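A.B. asks: Going by full-length UniProt numbering, the sequence shown opens with residue 1, and the numbers climb by one from there.
Just so you know, even glycine gets a beta-carbon here, dropped at the ideal spot from N, CA and C.
All figures in this text were calculated on a predicted structure; none of them were measured in a lab.
Take this structure first; my questions come after.
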Amino acid sequence: MAETHAGNLKLLGGRLCLDFVNTVDWHGSDHAVEFLHTYEDLLAWSRHLTIVTEDEVSNMLQCARRTPDQATHVLERAIALREALFRLFPVVAEGHAPPADDLAILNEALRRAPSRPQIAWSPPHFVWMYQGDDDALDRVLWPVAWSAADLLASAERERVKVCPGEDCGWLFLDASRNGTRRWCAMEGCGNRAKARRHYQRARKG
Numbered sequence: 001m002a003e004t005h006a007g008n009l010k011l012l013g014g015r016l017c018l019d020f021v022n023t024v025d026w027h028g029s030d031h032a033v034e035f036l037h038t039y040e041d042l043l044a045w046s047r048h049l050t051i052v053t054e055d056e057v058s059n060m061l062q063c064a065r066r067t068p069d070q071a072t073h074v075l076e077r078a079i080a081l082r083e084a085l086f087r088l089f090p091v092v093a094e095g096h097a098p099p100a101d102d103l104a105i106l107n108e109a110l111r112r113a114p115s116r117p118q119i120a121w122s123p124p125h126f127v128w129m130y131q132g133d134d135d136a137l138d139r140v141l142w143p144v145a146w147s148a149a150d151l152l153a154s155a156e157r158e159r160v161k162v163c164p165g166e167d168c169g170w171l172f173l174d175a176s177r178n179g180t181r182r183w184c185a186m187e188g189c190g191n192r193a194k195a196r197r198h199y200q201r202a203r204k205g
């Protein structure tokens, strides 16, 4: 599988579903940068997050090449789910009711996913075990949907924030003790904002 930027993205969201939302740079702006151009990009991201094994990637890649139309459809569903979560989380974090259409997209993704009947130890953490087709092209979306549902059903949903960096749009879970985390990454958006403030003060001075 060819190298892709999707397989090297920084993981700053704090939850799988938020890292999935962050597969776009400058999200919501008129110069957004998309990282999921192809189904292979989606697989590369999934491997980067270790939600699929190398064998599963190989199986799904072969299946995608046999059924390119189906692979394209799964990618379209992935993008639709991502955008629904991008709209849904900030609204819910502020204590408002979720947009009905976006919640319906998430519930459809959950409906398509198999149940999670068992949990297993896969060092260094636990993983869900489930029955499903090993080369099902949409299996990469199942953990994303579960992650989103788990986060929405927990009190942690109130700690989801949108990075205020200029046009950034990345989401993250503020796990700081006092809820004071502001940026997706201080060394990125935080430092750029700091530099802009310094420049503006220098101009006025």
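Between which residues of its own chain and K22 is the CB-CB distance below 6 Å, once the five residues before and five after are set aside?
C.D. replies: It should be pointed out that residue 22 corresponds to Asn in this sequence rather than to Lys. These residues qualify, in order along the chain: G13, W170.
A.B. asks: In chain order, what residues of the same chain lie with their CB nearer than 6 Å to the CB of F126, ignoring the 5 residues before and after it?
C.D. replies: Counting only Cβ-Cβ distances below 6 Å, and skipping sequence neighbours, we find I119.
A.B. asks: Measure the CB-CB distance between V144 and L81 and report whether it falls below 8 Å.
C.D. replies: Yes. Within cutoff.
A.B. asks: Between R157 and chain D, is the shortest Cβ-Cβ distance under 8 Å, so that the two count as touching?
C.D. replies: Of the protein chains in this structure there is only one, and it is not chain D.
A.B. asks: Can you pull the DSSP bridge partners for F172?
C.D. replies: The partner list for F172 (beta bridge, DSSP) reads K161.
A.B. asks: Using the rule of at least 16 other Cβ atoms within 10 Å of the residue's Cβ for burial, across every protein chain shown, is V91 buried or exposed?
C.D. replies: Its Cβ having fewer than 16 others within 10 Å, V91 is exposed.
A.B. asks: Could you tell me the distance, in whole angstroms, from the CA atom of residue 262 to the CA atom of S115?
C.D. replies: A question about residue 262 goes unanswered here, because the residues of the chain that appear run from 1 up to 205.
A.B. asks: With a cut-off of 8 Å on the beta carbons, I'd call F172 and L9 a contact; round off their distance for me.
C.D. replies: So it is not a contact: roughly 13 Å between Cβ atoms.
A.B. asks: Assign S122 to one of three DSSP states: helix, strand, or coil.
C.D. replies: Note: S122 maps to strand in three-state DSSP.
A.B. asks: For I79 versus L36, is the C-beta distance shorter than 8 Å?
C.D. replies: Yes, Cβ-Cβ distance for I79 and L36 is below 8 Å.
A.B. asks: Using the DSSP secondary-structure output, state which residues sit across from W146 in a beta bridge.
C.D. replies: In DSSP, W146 forms no bridge with anything.
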